[in-house]
Amino acid sequence: MTIPLTWGLAGLFTTSFLAATFLPFGSEPFVVYMLKKSGHPAFVIIVVATVGNFLGSVVTYYMGRLLPLDKAQKYLKISDTSINRAKDLSNKYGPIVSFFVFLPIVGDALALVLGMLKTPILWVFIAIFLGKLVRYLGIAFFVGYF
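Under the numbering used here, think of the first position of the sequence shown as 1051, with each following residue one higher.
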């Protein structure tokens, strides 16, 4: 836990960014630690964590866009019907689903799949950003800052 405090906001940004990739850790303990120990205003901590985590999800999304769908389909044994259904759902509900990229465990995979399906970027990124912001606001609220 000393890295975020030692590195300050840069450490918070880095841990939040990496937590939004497939690395197996979450940013929440670091955010709570920074809220309680760093002396920085809660608003600044929330913004830094949100931006870092959002950009990590953007990287994961683009990894999905670069992954050829036919290769993923072949190795994961996904039927054409399932792919078409996922595309339809992605096109219809992409921004709504994108909001939930903040969820632990499934969020990283969700960002990757949204990228693989080439879900339109603008609304997806807005929804991902808002989901991340709501999560960090919720953490600050439960820690007692609002």
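Note that beta-carbon positions come from the ideal geometry of N, C-alpha and C, so glycine has one too.
Counted within 10 angstroms of its Cβ, other Cβ atoms place Asn1103 as buried (16 or more) or exposed: Buried is the call here.
Residue nearest to Leu1162 in terms of C-alpha spacing, selected from Lys1142, Phe1067 and Leu1116: When each option's Cα is compared against that of Leu1162, the closest is Leu1116.
From Ile1146, Arg1185 and Ala1092, residue whose alpha carbon lies closest to that of Val1174: The option with the nearest alpha carbon to Val1174 is Ile1146.
C-alpha gap between Tyr1083 and Gly1165, whole angstroms: Our two residues, Tyr1083 and Gly1165, have alpha carbons roughly 32 angstroms apart in a direct line.
Cutoff 7 angstroms; reference Tyr1186; Cβ partners in own chain excluding five residues on either side: Once the five neighbours on either side are set aside, the close Cβ partners of Tyr1186 are Val1081, Ile1096, Ala1099 and Thr1100.
Alpha-carbon to alpha-carbon, Tyr1125 and Ile1176: If you draw a straight line from the Cα of Ile1176 to the Cα of Tyr1125, it is about 31 angstroms long.
Contact belief for Val1094 with Leu1059 at Cβ below 8 angstroms, rounded distance in angstroms: That belief holds up - the Cβ atoms of Val1094 and Leu1059 are roughly 7 angstroms apart, short of 8 angstroms.
Every unbroken alpha helix (DSSP H) within the segment 1107 to 1192, with a cutoff of 4 residues, ordered by chain: Taking only runs of at least 4 residues, the alpha helix (DSSP H) segments lying wholly in the segment 1107 to 1192 are 1119 to 1126, 1130 to 1149 and 1156 to 1166.
Beta-carbon proximity list for Val1151, same chain, < 7 angstroms, skipping 5 on both sides: Contacts found: Ser1107, Gly1157, Leu1160, Ala1161, Ile1178 and Gly1181.
Rounded C-alpha distance that separates Leu1132 from Thr1071: The question names Leu, but residue 1132 is Ser in the sequence shown. C-alpha separation (whole angstroms): 25 angstroms.
Cβ separation of Pro1154 and Gly1089, assumed to be a contact under 8 angstroms, to the nearest whole Å: Beta-carbon to beta-carbon, Pro1154 and Gly1089 are separated by about 28 angstroms, too far to satisfy the 8 angstroms threshold.
Delimiting residues of the alpha helix (DSSP H) encompassing Leu1085: Glu1078 to Lys1087 is the extent of the alpha helix (DSSP H) around Leu1085.
Whether Ser1129 touches Leu1167 by CB criterion (8 angstroms): For Ser1129 and Leu1167, no; Cβs fall outside 8 angstroms.
The alpha helix (DSSP H) enclosing Leu1062, as first and last residue numbers: Counting along the chain, the alpha helix (DSSP H) containing Leu1062 begins and ends at Leu1059 to Ala1069.
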